[in-house]
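Just so we're aligned, residue 1 is where the sequence shown starts under the numbering used here, counting upward by one.
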Amino acid sequence: MSEVVADARARSPFTRRMLFILIGIGVASLIAALALAVFADDLSEEPTAGANGYSTSAIGHAALAEILEELDVPVIRSRTDSAARAHNGVLVIAEPAIADDDVDAQHKLRAMVEGARRVLLVLPRWWGSRDDERPRWISGRNPLARDEVAAVLAALDLDAELTTVTDPLDSYDPDLPVPALATAQLVGGDLDLEPDVATEEGLVLLGHTWFDADTELWVLADPTPIQNAGLRRPANVQFAVALLDQLREGGPVVFDEVLHGFEEQPSLWKALFRFPLVLATLTALLSAVLLLWAAVGRFGPAHAAAPAVPSGKDFLIRHTAALLHGGGHDGHALRRYLATTIQAVAVKLHAPRDLGPTNLRHWLERVRASRHVTITLPDLEREVAEVAATPRPPPRRLVELAARIHRWRTEMTHGSDHRP
1 MSEVVADARA RSPFTRRMLF ILIGIGVASL IAALALAVFA DDLSEEPTAG
51 ANGYSTSAIG HAALAEILEE LDVPVIRSRT DSAARAHNGV LVIAEPAIAD
101 DDVDAQHKLR AMVEGARRVL LVLPRWWGSR DDERPRWISG RNPLARDEVA
151 AVLAALDLDA ELTTVTDPLD SYDPDLPVPA LATAQLVGGD LDLEPDVATE
201 EGLVLLGHTW FDADTELWVL ADPTPIQNAG LRRPANVQFA VALLDQLREG
251 GPVVFDEVLH GFEEQPSLWK ALFRFPLVLA TLTALLSAVL LLWAAVGRFG
301 PAHAAAPAVP SGKDFLIRHT AALLHGGGHD GHALRRYLAT TIQAVAVKLH
351 APRDLGPTNL RHWLERVRAS RHVTITLPDL EREVAEVAAT PRPPPRRLVE
401 LAARIHRWRT EMTHGSDHRP
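Shown next as structure tokens:
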């Protein structure tokens, strides 16, 4: 076995240390490739300070998502297929960036609303420029132009007039508190909205309508109650949480981030390394590592299977000897070996053919004496007879006697080393 292992190591193209180095490089490369496939988009993104679910600036929505998560409300920041992901909950389209000439964004907004069952559309009001020293903050908050806000409503064929007032607000829904707003951006005009929070004059902060037969649409005209800065007021927190808890009907709150420029194409690799599939992925990787570890000791060319019956003279001799020894025929085999050797020596030395057994032995003895052979034939015959008479002769004695017979034959045919 040790010879086989040594031979396999000699034929292996790599040392064990080099093998582990190569395996380590391969595993590290695989991990790096998977990490880039999963997190490349996240690594390349710059800090955001806009009006989106990732932003911690004054006009961002990250605080609302964190508050809901603290209340054990399922929250999804969706970067693809938002409507489908909100099928059993509410889709929040908060302050989408829609321009008059951006047809693609307009189509996306409309398709998103039509594909969901319940939608909360939050109109934009503010914009801010990123602070150079603190890139996740804004250096100041500025009002959007009215036509930019109206473009969001126009994309959904909703005709409304926007106005900013300081009038007090009333809630027409007993489960909804009134938010705290110093000034409020409201909608009015011919917009067919059932008011939930509005002024006495009918200007609507929050209202709802059926967008089509399958989609119920809520419109929040002012984003302040859900923005990070606005959530510093408890009344706004109560309003936002109560509104979303009512609209989700036990399902998730899905914040769309596609219309904020964070669209992400579906990726199998990302799905495999996100919960819950990451558990199965880690199990498979661990199994692969264990399999690789088990296979390290077998590195190199495969060994050929040993034949069921070995070939060659050595095997034949050993097998025959084992059979004879097991059957108790050692002495008989030794006598046969001596007789065969005597005949072979006689032929080799050209002994006369008409000699009988006794005369042949005398003739061989004369030749032995002339060649100064140290082993005599009578001694061999006597020793063989003694071994043959023993029921279970020692194997060592058998080997020694067989070696003496072989030596006698060699000296008789090739001469003795003791010749003068």
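Every residue, glycine too, gets a C-beta built ideally from N, C-alpha and C. All values reported here derive from a predicted model rather than from experimental measurement.
Terminal residues of the alpha helix (DSSP H) in which residue i lies
{"i": "Asn142", "result": "Per DSSP, Asn142 belongs to no alpha helix (DSSP H); it is in the beta strand (DSSP E), 138 to 143."}
{"i": "Pro357", "result": "357 to 370"}
{"i": "Asp196", "result": "Here Asp196 belongs to no alpha helix (DSSP H); instead the beta strand (DSSP E) covers 194 to 198."}
{"i": "Val178", "result": "Element bounds for Val178: n/a, residue is neither H nor E."}
{"i": "Arg382", "result": "377 to 389"}
{"i": "Arg392", "result": "Run containing Arg392: none; DSSP gives neither H nor E here."}
{"i": "Ser456", "result": "Lying before the first or after the last residue shown, residue 456 is absent from the chain, which here runs from 1 to 420."}
{"i": "Asp330", "result": "330 to 348"}
{"i": "Phe262", "result": "No alpha helix (DSSP H) contains Phe262, which DSSP labels as neither H nor E."}
{"i": "Asn236", "result": "234 to 248"}
{"i": "Asp147", "result": "146 to 155"}
Reference residue i, options the options, closest by Cα
{"i": "Thr80", "options": "Ile93, Glu70, Arg232, Glu69", "result": "Ile93"}
{"i": "Leu231", "options": "Leu64, Phe262, Leu22", "result": "Leu64"}
{"i": "Val73", "options": "Gly331, Arg336, Arg248", "result": "Arg248"}
{"i": "Glu70", "options": "Val237, Leu285, Leu286", "result": "Val237"}
{"i": "Asn88", "options": "Gly128, Val253, Ala346", "result": "Val253"}
{"i": "Arg335", "options": "Val387, Leu292, Arg371, Gly189", "result": "Val387"}
{"i": "Pro143", "options": "Asp222, Arg85, Leu169", "result": "Asp222"}
{"i": "Met412", "options": "Arg396, Leu380, Ile375", "result": "Ile375"}
{"i": "Glu114", "options": "Ser82, Ile67, Pro135", "result": "Ser82"}
{"i": "Asp101", "options": "Phe211, Glu383, Leu68, Ala150", "result": "Ala150"}
{"i": "Val75", "options": "Ala385, Glu216, Phe255", "result": "Phe255"}
{"i": "Ala389", "options": "Ser171, Leu244, Gly53, Gly331", "result": "Gly331"}
{"i": "Asp196", "options": "Thr215, Pro177, Leu203, Asp173", "result": "Asp173"}
{"i": "Arg117", "options": "Thr199, Asp214, Ile138", "result": "Asp214"}
{"i": "Leu380", "options": "Pro395, Arg396, His406, Arg136", "result": "His406"}
{"i": "Leu398", "options": "Gly356, Leu338, Leu285", "result": "Leu338"}
{"i": "Pro395", "options": "Ala333, Trp126, Leu291, Leu279", "result": "Ala333"}
{"i": "Leu22", "options": "Leu292, Arg85, Ala62, Pro391", "result": "Leu292"}
{"i": "Ala28", "options": "Val289, Glu194, Thr224, Gly261", "result": "Val289"}
{"i": "Phe262", "options": "Thr56, Ser78, Pro352", "result": "Ser78"}
{"i": "Ala145", "options": "Ala84, Ile31, Trp126, Leu220", "result": "Trp126"}
Close-in-space but distant-in-sequence residues of the same chain around residue i (CB under 7 Å, 5 per side omitted)
{"i": "Ala155", "result": "Ile98, Gln106, Leu109, Arg110"}
{"i": "Asp175", "result": "Ala242, Gln246"}
{"i": "Asp41", "result": "In this predicted model, Asp41 has a pLDDT of only 49, less than 50, meaning its place in the structure is not dependable enough to derive any value."}
{"i": "Met18", "result": "none"}
{"i": "Asp159", "result": "Gly189, Asp190, Leu191"}
Assigned exposure category for residue i - 16 Cβ within 10 Å defines buried
{"i": "Ser44", "result": "Bear in mind that a pLDDT of 42 at Ser44, under 50, signals an unreliable position, so the number given afterwards is only what the model happens to contain. By the neighbour-count rule (16 or more Cβ atoms within 10 Å), Ser44 is not buried but exposed."}
{"i": "Leu120", "result": "buried"}
{"i": "Met112", "result": "buried"}
{"i": "Glu400", "result": "exposed"}
{"i": "Thr358", "result": "exposed"}
{"i": "Ile25", "result": "exposed"}
{"i": "Glu133", "result": "exposed"}
{"i": "Glu201", "result": "exposed"}
{"i": "Leu91", "result": "buried"}
{"i": "Gly250", "result": "exposed"}
{"i": "Gly356", "result": "exposed"}
{"i": "Pro135", "result": "exposed"}
{"i": "Ala284", "result": "exposed"}
{"i": "Phe20", "result": "exposed"}
{"i": "Thr340", "result": "exposed"}
{"i": "Val103", "result": "exposed"}
{"i": "His208", "result": "buried"}
Other residues of its chain near residue i: CB distance less than 6 Å, five sequence neighbours each side excluded
{"i": "Thr166", "result": "Thr183"}
{"i": "Ala403", "result": "none"}
{"i": "Thr164", "result": "Thr183, Gln185"}
{"i": "Ala229", "result": "Ala58"}
{"i": "Asp157", "result": "none"}
Residues sharing a beta bridge with residue i, DSSP
{"i": "Ala424", "result": "Because the chain is modelled from 1 through 420, residue 424 falls outside the range shown and cannot be assessed."}
{"i": "Asp170", "result": "Ala198"}
Sequence-distant residues of its chain with Cβ nearer than 8 Å to residue i (five each side left out)
{"i": "Leu377", "result": "Ile342, Arg361, Leu364, Glu365, Arg368, Trp408"}
{"i": "Val152", "result": "Pro96, Ile98, Leu109, Leu121, Leu123, Pro124"}
{"i": "Gly140", "result": "Gly128, Ser129"}
{"i": "Asp481", "result": "The structure shown does not extend to residue 481, since the chain is modelled only from 1 through 420, so no value can be given for it."}
{"i": "His68", "result": "The sequence shown places Leu at residue 68, rather than the His named in the question. Closer than 8 Å at the Cβ level, and outside the excluded window around Leu68, lie Val75, Val241, Leu244, Val253."}
{"i": "Gly60", "result": "Thr48, Ala49, Gly50, Ala51, Asn52, Gly53, Tyr54, Gln227, Asn228"}
{"i": "Leu259", "result": "Ile93, Pro96, Ala97, Ile98, Ala105, Lys108, Leu109, Met112"}
{"i": "Leu169", "result": "Val178, Pro179, Leu181, Ala184, Val197, Ala198, Thr199, Leu205"}
{"i": "Trp210", "result": "Glu216, Leu217"}
{"i": "Leu203", "result": "Thr163, Val165, Asp167, Leu186, Val187, Gly188"}
{"i": "Arg371", "result": "Glu411, Met412, Gly415, Ser416, Arg419"}
Beta strand (DSSP E) segment containing residue i, residue limits
{"i": "Arg77", "result": "75 to 78"}
{"i": "Glu216", "result": "216 to 220"}
{"i": "Ile93", "result": "90 to 94"}
{"i": "Arg118", "result": "118 to 122"}
{"i": "His208", "result": "204 to 210"}
{"i": "Asp104", "result": "Note, Asp104: premise wrong, no beta strand (DSSP E); alpha helix (DSSP H) at 103 to 115."}
{"i": "Phe255", "result": "253 to 256"}
{"i": "Gly128", "result": "126 to 130"}
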